[in-house]
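Residue numbers (the UniProt record's numbering), protein chains in the order written: chain G, 1 to 242; chain U, 1 to 242. Structure, as structure tokens:
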DNA sequence: AATTTCAGTGAACAGTTGTTGACAAACATT
DNA sequence: AATGTTTGTCAACAACTGTTCACTGAAATT
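Set out below in structure tokens:
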């Protein structure tokens, strides 16, 4: 048992064993999965993808069944247990992926080195692209944020809080709104993130190919953010009683 | 068939038939359900209550089953169909109830004839009382708002939009923030309502009897609203190009 | 008083669910 | 080359699901 863990660690360190075990079929046409761990990871992520795909079809995660997922993933139900103890554990994996997506959004936003004019509109554009690109993760996060099982709900809440914290630290580092206290800055970021996620729900629920409706939603989103930041600018910290 | 509908209508007009059909048991101890329609309504609402009760125990509506609900309500599964075609229809009934709750919240808020000082804090207090009083409706609305089945999701969206509209009309009538255009006022109300519902999720998810945490959440909620209204005050409508 | 209407019951159905244990074959380790 | 490890499969299970049909008894109508 301990040996196994050790060898897995080795696997992760040695990147390429130099494979090429002579197989009959050609290398390029049939992709020939190399190591065992790789294959395990592959079916694992096909399970995760199956869950997301089903949710994309309108189902909510909480209503998904184990068998349903394995069916969609193209494996036999019992295979599920080789990867997750139960549905909750799969859900938590999805939460982690969603958190990673959020974090990468933040990384992308950091590149945008602040030319202060119309920064909101441009951030929203970035956000929308992200939204459409990883719409399934956002649907999951925004959808189960206050709907799903308690375990998953609180896991999502943690990830979102982390995101809020990181965002507020970013703003501080950029010396954005320097007159705000740390607590107020975090409150602001919480408000912004909630608004973001609500907008995500709205945008992702849209019937496809309705450009005017989409534009309306986006404009509304931008207006809301403008109003929030306008409030942040004229915010006065209450003075502590002497 | 038409007769039936007619007699039902009569039932609703004639308030008291003068009942007192001589029954063995006393009037006060055993409540003796009077008319048939009343009894039907009673089990109907016991089905609705059963759904809400189960959700209170951490389940999400989408994951509830028909049998589960009838079991909780204390009737046999087949009785369900006397009241609802399927779970979606029951869900829609819950949405209606939730909408009524929202509307009554608005009615309550109207009584508070604006002494502008600290109006936000007092509104939040009203809101919190409402939240705790009808916590199950709010859990349902806030939870399934972007989680549940598409039918229910869009029904909730309608109710919430209606609420937003009504709220914006109220503000206009009170001559509150008269420099805002109607569209902006609605945008503002949408933002406020989203913030309200997010706060509802947070507050209702709290572990019970943690007064300091509760106070933190409420303070944060108040701060967010303050910031929003601060933004609304200093909002300048863009001038249309001449 | 006779008749109709109907909310709630009971038994039964076909289908699906989560979970178990034994097994095969590809892989990894010795 | 021999041995152990492990991913995925198969068959089977008890439990539960939504839905059907015929039925009962009391309330409502005639």
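Glycine included, C-beta positions come from ideal geometry on N, C-alpha and C.
Checklist line | Cβ-Cβ distance between residue 122 of chain G and residue 170 of chain G below 8 Å | finding: In terms of Cβ geometry, residue 122 of chain G and residue 170 of chain G do not form a close pair [threshold 8 Å].
Next item on the list: Examine chain G for any beta-carbon lying closer than 8 Å to the beta-carbon of residue 167 of chain U, and answer yes or no.
Entry: Nearest CB-CB separation between residue 167 of chain U and chain G: not below the 8 Å threshold.
Next item on the list: Check each candidate in U:174, U:128, U:105, U:179 and name the one with the smallest Cα separation from residue 239 of chain U.
Entry: It is U:179.
Checklist line | Which listed residue (G:37, G:231, G:41, G:124) has its alpha carbon closest to that of residue 217 of chain G | finding: The candidate whose alpha carbon is nearest that of residue 217 of chain G is G:124.
Next item on the list: Ignoring anything shorter than 4 residues or poking outside the stretch 164-227 of chain U, list the alpha helix (DSSP H) runs there in chain order.
Entry: With a minimum length of 4 residues, the continuous alpha helix (DSSP H) runs that stay inside the stretch 164-227 of chain U are 182-204.
Next item on the list: Taking only beta-carbon positions, decide if residue 38 of chain U is within less than 8 Å of chain G.
Entry: For residue 38 of chain U, the answer is no, since every Cβ of chain G falls outside 8 Å of its Cβ.
Next item on the list: Show which residues of chain U have a CB atom less than 7 Å away from the CB atom of residue 111 of chain G.
Entry: Those do not exist, as residue 111 of chain G stays about 27 Å from chain U at its closest Cβ, beyond 7 Å.
Checklist line | For residue 154 of chain G and residue 187 of chain U, the rounded distance between their alpha carbons | finding: Their backbone Cα atoms lie some 30 Å apart in a straight line.
Next item on the list: Please name the residues in the stretch 61-94 of chain G whose beta-carbon is closer than 7 Å to at least one beta-carbon of chain U, in chain order.
Entry: Within the stretch 61-94 of chain G, the residues whose Cβ lies closer than 7 Å to some Cβ of chain U are 62, 63, listed in chain order.
Next item on the list: Tell me, please, whether the CB atom of residue 228 of chain U is closer than 8 Å to any CB atom in chain G?
Entry: Chain G, which has a Cβ nearer than 8 Å to the Cβ of residue 228 of chain U, makes this yes.
Checklist line | Buried/exposed call for residue 232 of chain U, threshold 16 Cβ in 10 Å | finding: Here residue 232 of chain U is buried. Its C-beta has 16 or more other C-beta atoms within 10 Å.
Margin query: Less than 8 Å between the beta carbons of residue 136 of chain G and residue 56 of chain G, yes or no?
Written below: Contact: yes.
Next item on the list: Scan the stretch 139-165 of chain G for residues whose Cβ lies nearer than 9 Å to a Cβ of chain U and list them as they occur along the chain.
Entry: Against chain U - using a Cβ distance shorter than 9 Å - the residues of the stretch 139-165 of chain G are 139, 142, 143, 144, 145, 146, 147, 148, 149, 150, 153, 154, 157.
Check: If the cut is a Cβ gap below 8 Å, which residues of chain G does residue 224 of chain U touch?
Finding: What residue 224 of chain U touches in chain G: 187, 190, 191.
Notebook entry, point to check: Closest Cβ-Cβ distance between residue 195 of chain U and chain G: below 8 Å?
Noted result: Output row for residue 195 of chain U: interface = yes.
Next item on the list: Give the DSSP-derived three-state secondary structure of residue 236 of chain U in the structure shown.
Entry: It is coil, neither helix nor strand.
Notebook entry, point to check: With 16 as the cutoff for other CB atoms within 10 Å, does residue 129 of chain U come out buried or exposed?
Noted result: Looking at its Cβ environment, which holds fewer than 16 other Cβ atoms inside 10 Å, residue 129 of chain U is exposed.
Check: What separation, rounded to the nearest whole angstrom, lies between the Cα atoms of residue 224 of chain U and residue 105 of chain U?
Finding: Residue 224 of chain U and residue 105 of chain U have their alpha carbons spaced roughly 20 Å apart.
Check: Going along chain U in order, which residues have a C-beta closer than 7 Å to the C-beta of residue 98 of chain G?
Finding: Residues of chain U passing the Cβ test: none, with the nearest at roughly 14 Å.
Notebook entry, point to check: Is the Cβ of residue 117 of chain U closer than 8 Å to any Cβ of chain G?
Noted result: Not an interface residue.
Note to self: Against chain U, with Cβ distances strictly below 8 Å, would residue 232 of chain G count as a contact?
What the structure shows: Taking Cβ atoms only, chain U reaches closer than 8 Å to residue 232 of chain G, which makes this a yes.
Notebook entry, point to check: What in chain G is Cβ-close to residue 181 of chain U, meaning under 8 Å?
Noted result: Neighbours of residue 181 of chain U on chain G: none; closest Cβ ~11 Å, over 8 Å.
Notebook entry, point to check: How many angstroms separate the CA atom of residue 237 of chain U from the CA atom of residue 228 of chain G?
Noted result: Looking at the two C-alpha atoms, the distance is approximately 15 Å.
Margin query: For chain U, check one thing: does any of its Cβ atoms lie closer than 8 Å to the Cβ of residue 123 of chain G?
Written below: It does not: the Cβ of residue 123 of chain G has no partner Cβ on chain U nearer than 8 Å.
Notebook entry, point to check: Hey, residue 201 of chain U and residue 146 of chain G: beta-carbon distance below 8 Å or not?
Noted result: Yes, they are a contact pair.
Check: Below 8 Å between beta carbons: does that hold for residue 182 of chain U and residue 235 of chain U?
Finding: Against a cut-off of 8 Å, the Cβ pair of residue 235 of chain U and residue 182 of chain U comes out as no contact.
Check: residue 127 of chain U lies in the alpha helix (DSSP H); which residues open and close that run?
Finding: Residues 119-133.
Margin query: I want to see whether chain U comes within less than 8 Å of residue 175 of chain G, judged by CB atoms only; does it?
Written below: No, its Cβ sits nowhere closer than 8 Å to a Cβ of chain U.
Checklist line | Length of the line joining the Cα atoms of residue 222 of chain G and residue 120 of chain G | finding: Put simply, the backbone Cα of residue 222 of chain G is about 7 Å away from that of residue 120 of chain G.
Checklist line | Test item: CB-CB of residue 61 of chain U and residue 166 of chain U under 8 Å | finding: Not closer than 8 Å, so no.
Margin query: For a minimum of 4 consecutive residues, which ranges assigned as the alpha helix (DSSP H) are wholly contained in the UniProt domain "HTH tetR-type" (41-102) of chain G?
Written below: Taken in chain order, the complete alpha helix (DSSP H) segments of 4 residues or longer contained in the UniProt domain "HTH tetR-type" (41-102) of chain G are 66-73.
Check: Which residues in chain U sit within 9 Å of residue 45 of chain G, going by Cβ to Cβ distance?
Finding: The contacting residues do not exist; residue 45 of chain G stays about 24 Å from chain U at best.
Note to self: Is residue 201 of chain G close to chain U? Criterion is C-beta to C-beta, closer than 8 Å.
What the structure shows: Chain U contact via Cβ: present.
Notebook entry, point to check: Under the three-state reduction of DSSP, which class applies to residue 109 of chain U: helix, strand or coil?
Noted result: For residue 109 of chain U, the secondary structure class from DSSP, reduced to helix, strand or coil, is helix.
Checklist line | residue 88 of chain U beta carbon less than 8 Å from that of residue 149 of chain U | finding: Contact flag set, yes.
Note to self: Spatial neighbours of residue 195 of chain G within its chain, please: C-beta separation below 8 Å, excluding the five flanking residues on both sides.
What the structure shows: Apart from sequence neighbours up to five positions away, the residues of its chain that approach residue 195 of chain G with a beta-carbon distance below 8 Å are 221, 224, 225, 228, ordered along the chain.
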